[in-house]
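Just so we're aligned, residue 90 is where the sequence shown starts under this note's numbering, counting upward by one. For each residue, glycine too, the CB sits at the ideal point set by N, CA and C. Before any comments, here is the structure.
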Amino acid sequence: MLRKVFYKRSQEFPKKGGTASVSYQVSTSTPNVSTKPCGTCPEHRSTEVTVIERSTSAPILVSDASIADLESHLKKCPPSKPCLRPVDSSSCSLMGSPKCRRGCPSRCVPMQVPLLANKINYVEELYVNKKVKHGSIVPLGRCIRQPECPGRREPPKPTCSSAIMTKIEKEVMNRACGGIVKDSTATCSLVDSASPTCDAADRAEYYYNKLLSAQQILENREETIRVQAGSLAVAEARIATFSERAADLRRELDRKAKECQNLRKSLEACKVEKCDACIITDKQMGHQYDIVSTLQDNLSVIEELYRECFYETAKQEDLIEMLRKSYLDVRLMDKQKADQIGRLQTVINTQKWSLDRCQDIALEVDNLKMEISNFLHSSTSTNNDSGMWERSEDSFVSAPGVQDDLQDIVDQLLRLQDILNTDCTCGLEEENKKLKREIESQKSKIEELNAMICGLECTLAAKDEADQKYKKDIEVKEEECTCLKQQLEALEERCKEKKNKCEALTAQLQCMEEKLQDNMTEMLQLQKQNECQANSIKELSEELEKANQLIKENCKVRSEVSFLTAQVALWRAQLTDSEQRVQQLEADLACARGHCEHIEACYRCTGLPC
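Structure follows, in structure tokens:
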């Protein structure tokens, strides 16, 4: 018995923090079939077998055994993990860190972006910075950190969650339903998407769920291919039975032709029995017409089966193309992640360069301080030396040349001392004031730079931690990607093997079609032969009419024939009675033999007659 089975799969996307439910409905086209559950998974799978008369999708012909196998397979479906997990927004990398010298008050406002599709309702929370709306440079999804006074420090507040999972979920929803309504302010940058607050566990769980869904799709494909193989085997068995039936019909036709020839010969010998022969041949021809009609119906059923198998192969090719597209999307996501990591590396390099520049500026300021202090010390030392030379002036009076030189040096030193002690009138005072102002500004800048260096040290420490996390995540993702590549290669090999199997099955179907065409041609030839036989039967009926006329003329021959037939009937009755007597005698003989054997056995066992 063949049944048409239809597969229906409905998937409901969960709300935030919920679970995904996948339900399969397997229905047959055979009426009066009781509905029973084919195995349930309590978390998010439910499979039902319902009875329907016809579906819009192409049916698959399977046997009762294949339906039982499908039910057992669906009962063994394993429970899977929930598709998504609620994203925790309190994942701040600097929270509780001793290197974080400043608090990070959150300036983020939660906004809800509804994603509406045909039958999918999903609400996603995005954190939008207030200053982004007012034209600030800070990217969306970040928290603005402001320095505080060292005496008043608050515990760090949680920062915004990463937007990687939101982007991936949006892409999945876009592929699932095609149209998504987004908020105009929800535009996250790539640097923000790779922020250190991203939750790697959610992404890993997402990829795991994606892998599970791909495996489930492939299992469904394997199940459909197995069911198709079973249906093809059933169709081949039916074709074999039809071919055997056609061969039997040919034999019957040959036998009937021989019987017709024998009847013709007998009619020539005795024209009285032609009426009975005509009735028998009419019944045989009607039976043959019924057989031909059943064969035509079976041929139409086989053509419908072949058409459905062709549609199923087209659907399988579409499914393979969709899997290839999903694999390309995964590779594109990997490339985007690599680009994001490169951008983060460039940002880290620029920040390191800015830190080096700040250190160079601090060294230059220290050198300037040293030069100024050296200059001041040198000026005081020259003043002290001039006083010493004034005191020791009388000791050099004896030397005539040295006295003049010392006098000149003393005059110059006194002049310099007067210039230093008195107010400057040559414009150097303004330059000194400018230098003092510049020194004060440099001191303030140095303080600011020290504060910036402290902040940059904190950010560098946080970024080092984030880099380590990213490296770990990258290693994990690379391992996952290698596993996914291996699985995809295995799936491609399976798809190729199944494609080859489908091609072989199509070739077999073509051969079967050719055989059916040959059988149809033979059936047409047999129909022509039957028409010829019908014409011959008409001729025989005409001859029978002539024979009836001859019978009316020859009543004496009929009476003799009736007498002979009565004698034949008596002889037949006597023959049947004799056969019955022979059977009774054989039965009595068998009983006697059994009794004798029993007596012999008793005699052998006891040595005495019973």
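What does the Cβ neighbour count give for residue i, buried or exposed, with the cut at 16 atoms within 10 Å?
i, result
"LYS700", "Only positions 90 to 699 of the chain appear in this structure, which leaves residue 700 out of reach."
"VAL436", "exposed"
"GLN317", "buried"
"GLY319", "buried"
"PHE399", "exposed"
"LYS345", "buried"
"ARG670", "exposed"
"GLN673", "exposed"
"ASP666", "exposed"
"ASP291", "buried"
"GLU401", "buried"
"GLN496", "exposed"
"LEU633", "buried"
"GLN622", "buried"
"LEU433", "buried"
"GLU479", "Note that GLU479 scores 43 on pLDDT, short of 50, meaning its location in the model is unreliable; the coordinates nonetheless yield the value given after this. So GLU479 counts as exposed."
"VAL486", "In this predicted model, VAL486 has a pLDDT of only 44, less than 50, meaning its place in the structure is not dependable; the value taken from the coordinates is given anyway. VAL486 should be labelled exposed."
Cβ atoms of residue j and residue i: under 9 angstroms apart, would you say?
i, j, result
"LYS566", "LYS426", "yes"
"LEU408", "ALA335", "no"
"TYR295", "LEU598", "no"
"ILE450", "LYS534", "yes"
"MET601", "ILE328", "yes"
"LEU321", "LEU605", "no"
"CYS570", "VAL419", "yes"
"ILE563", "ILE461", "no"
"LYS561", "ALA289", "yes"
"ARG310", "GLN405", "yes"
"LEU388", "LEU615", "no"
"SER332", "ASN619", "no"
"LEU444", "LEU545", "yes"
"ILE430", "TYR559", "yes"
Sorted by chain position, which residues of the same chain lie with C-beta nearer than 6 angstroms to residue i's C-beta, five sequence neighbours on each side aside?
i, result
"LYS587", "ILE314"
"CYS591", "THR402"
"LYS525", "none"
"ALA658", "none"
"ALA679", "none"
"LEU653", "none"
"SER530", "none"
"LEU577", "TYR416"
Spell out whether any CB of chain D is found under 9 angstroms from the CB atom of residue i.
i, result
"GLN669", "Included in the structure is just one protein chain, with no chain D present."
So, for residue i: in the same chain, excluding its five sequence neighbours on each side, which residues have a beta-carbon less than 7 angstroms away from its beta-carbon?
i, result
"GLU686", "none"
"LEU307", "LEU580"
"MET459", "none"
"ILE380", "LEU338"
Considering only residues of the same chain and omitting the five flanking positions on each side of residue i, which have a CB-CB separation below 8 angstroms?
i, result
"HIS684", "none"
"GLU325", "GLN597, MET601"
With three or more beta-carbon pairs closer than 8 angstroms as the criterion, would you say the segment 300-314 touches the segment 408-418? Cβ pair count under 8 angstroms is three or more, so yes.
Would you mind listing the alpha helix (DSSP H) stretches within the segment 545-599 that are 4+ residues and don't spill past its ends, in chain order? none
| said: Give the list of continuous beta strand (DSSP E) stretches no shorter than 3 residues that lie fully inside the segment 591-675. | reply: none
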